[in-house]
Every structure is written in C-alpha cells, then in structure tokens.
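Each remark here refers to the structure printed beneath this line.
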C-alpha cells in the first residue's frame, strides 16, 4: 500500500506518514495552500478506502484524517508494539532455522525465503544483502556443497546480489537434473539389456532342457529295444539249446537201444529177431 500511495503522489504518502495537515481556517478563508493540503488528504483517504473490504472500512470510517486511518490499520494487522515484537521473534526464528526442504526446487525455496524476509521487513526488521546470501547458501543440502564452495571462492558474498546467487543456483540445478535424466536413461538401457540377456539365457536353458529331455527319452527307448532284443536272443538260445539237447537225447537213446546180432538192427535182441522166426532156426545163446 505504501508503494501505491507514493506512486500517486509522494506528498500523499507524506500526509499519511507525517500527519494530516488539517486546515483550521473557515472554508471562505482557505488559501491555495490550504486547498492543496485538503485535496491531498482526501486523495489519501480515497486510495486507502478503495483498498479496504467492507468490514475493514467500517473500522476506519469514522477517522477524520488519512494518518488516523493508517495508524488504525497498522494496529489491526501488525498489532501493538508488543504483538509486533512477538511476530518479529517468530519470523526471526523461522529465518534462522530456514532450510531447503527435500524435493524442493531452488525457485520454491527462494519463494519461501522471500516470504519470511518480506514479513520481517514489513515489521521493521531487515537484513543486509550479504547476510541473506550466506543464509541461503547455508540452507542448501549437503549435495550442494561443491557448488556452495565454488560460489564462495569465486564471489565476494558481501556485494553479491540475491538475483545473481539464485540465477547461479538455478543453472546448476538444471545441469544436475540433466545428469540425473541421462543416468536414469543409462540405467534403464542397462536394465533392458540385462532383461534381454536373461531372456536369451532362459530360452537357451529351455532349449537345452528340451534337448536333454529328448535325449533321455531316446535313451530310454534304446534301452527298451536292447532289453527286448536281449530277451529275444536269450529265448532263442534257450530254444536252440533245448532243441539240441533233445536231439542229443534222441541220439543217446538210440545208442542205448539193443542191437540184434542177426539182422544188425536196433530195438530187439537176436532171440526176438523176426528173421530167425521166419527161418525157424533155433536160438543160440
């Protein structure tokens, strides 16, 4: 509001700050200087009223001068000196404990810092530019330590402006974000490559497993065939051996049969020889 009043006419702000300069003369006796003072006072009151809500206007509607209106508004929003001191203490504590929050950008951090500084300035507490520059550097997290060191070595912090500091920090933030994105893309590419290699290895393992299963199945079939063949050969040998045994037994049985000395035929003895029976010759033992 101070800037608005000063922008219209600095004398208006002087009336609000220093006094209303009320004219005690009758209207008919006003001089040009009196009319100018009254005009400035009315302009100041008009500007103040235009900036107020209905509730706030009701607080100051009975005030006769712009200065009186201003003082009442100051007490309403800034409080008495005691309240003002308490608010200053609270904001100073926030200032001293100020730190950049995790996940917060430089722009967001500076906006929060500016709110605290402006609040203190509105209550009459101000800091030197160098003090604010150092405070911002101290509020940065440990990951910013190399950048903080570089700024401290390359600049005179007493004369460095906040705009230059914030510009340097924002440029560094952009570079850090670019490096993180590049690293993230690289990790993603490596992960995809690893997944592809794993998939290929899995496919090879599956193919190898299938080949092993086929080999095992073929081996089982061969074993089964060999077992059947062995069994068949064993049975054949047994049959052949049995047949040869029977032939041999037949031969042996033929060898053990009696042979007739008369006709030299097996199966009977000479006394039973049919030839003797036909000729009627006597049997000789």
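In the working numbering, the protein residues as written are 27 to 311.
By construction, the Cβ of each residue, glycine as well, lies at the ideal position given by its N, Cα and C atoms.
From a predicted model like this one, the values you see are computed outputs, not experimental measurements.
In the DSSP assignment, find the alpha helix (DSSP H) that holds residue 178 and state where it starts and stops. Counting along the chain, residue 178 sits inside the alpha helix (DSSP H) bounded by residues 171 to 180.
Specify whether the segment 115 to 126 and the segment 138 to 153 touch according to this definition: at least 3 beta carbon pairs, one from each stretch, less than 8 Å apart. For the pair of segments examined, the segment 115 to 126 was found to touch the segment 138 to 153: the number of CB pairs separated by less than 8 Å reaches three.
May I ask you to verify whether the segment 104 to 114 touches the segment 127 to 139, counting CB pairs closer than 8 Å and requiring at least 3? Fewer than three Cβ pairs drawn from the segment 104 to 114 and the segment 127 to 139 lie within less than 8 Å of each other, which leaves the two stretches out of contact.
In chain order, what residues of the same chain have a beta carbon less than 6 Å from the beta carbon of residue 285, not counting five sequence neighbours either side? Result list for residue 285: 292, in chain order.
Would you mind stating whether residue 183 and residue 160 have Cβ atoms separated by less than 8 Å? Contact annotation: residue 183 and residue 160 have beta-carbon atoms nearer than 8 Å.
Note down, in chain order, each residue of its chain lying with its Cβ closer than 8 Å to the Cβ of residue 96, except the 5 sequence neighbours on either side. Cβ within range, chain order: 42, 43 and 74.
Are residue 38 and residue 66 touching if we call contact CB-CB under 8 Å? Yes, the pair counts as a contact, with Cβ atoms nearer than the cut-off.
Return the CA-CA distance between residue 125 and residue 136, expressed in angstroms with no decimal places. One alpha carbon belongs to residue 125, the other to residue 136, and they sit about 10 Å apart.
Tell me which residue opens and which closes the alpha helix (DSSP H) that residue 64 is part of. 58 to 76 is the span of the alpha helix (DSSP H), which, as asked, contains residue 64.
Indicate whether residue 302 and residue 283 have their beta-carbon atoms separated by less than 8 Å. The answer is no: Cβ separation not under 8 Å.
Pick out whichever of 149, 295, 52 and 102 has its Cα sitting closest to the Cα of residue 82. Comparing Cα-Cα distances from residue 82 to each of 149, 295, 52 and 102, the minimum goes to 102.
For residue 145, report the span of its alpha helix (DSSP H) as first-last. That run of the alpha helix (DSSP H) goes 132 to 148.
Taking the alpha carbon of residue 85 as the point to measure from, which residue in 91, 92 and 98 has its own alpha carbon closest? When 91, 92 and 98 are compared, the shortest CA-CA separation from residue 85 is found for 98.
Counted within 10 angstroms of its Cβ, other Cβ atoms place residue 177 as buried (16 or more) or exposed: Under this definition residue 177 is a buried residue.
Cβ distance (whole Å) where residue 77 is taken to contact residue 92 below 8 Å: With 8 Å as the limit, residue 77 and residue 92 do not qualify as a contact, their Cβ atoms being about 12 Å apart.
Use the C-beta contact count for residue 36: other C-beta atoms within 10 angstroms, 16 or more gives buried, fewer gives exposed. Looking at its Cβ environment, which holds fewer than 16 other Cβ atoms inside 10 Å, residue 36 is exposed.
For residue 284, does the three-state DSSP call read helix, strand or coil? DSSP places residue 284 outside both helix and strand once states are collapsed to three, so it counts as coil.
With a Cβ-Cβ cutoff of 8 Å, do residue 194 and residue 155 count as a contact? Contact: no.
Would you report the Cα separation of residue 201 and residue 121, rounded to the nearest angstrom? Spanning the two alpha carbons is a distance of roughly 28 Å.
Cut-off 8 Å between Cβ atoms - residues of its own chain near residue 241, not counting five sequence neighbours on either side: For residue 241, where only same-chain residues beyond five positions count, there are no Cβ hits under 8 Å.
Give the secondary structure of residue 292 by DSSP, where H, G and I count as helix, E and B as strand, and everything else as coil. Strand.
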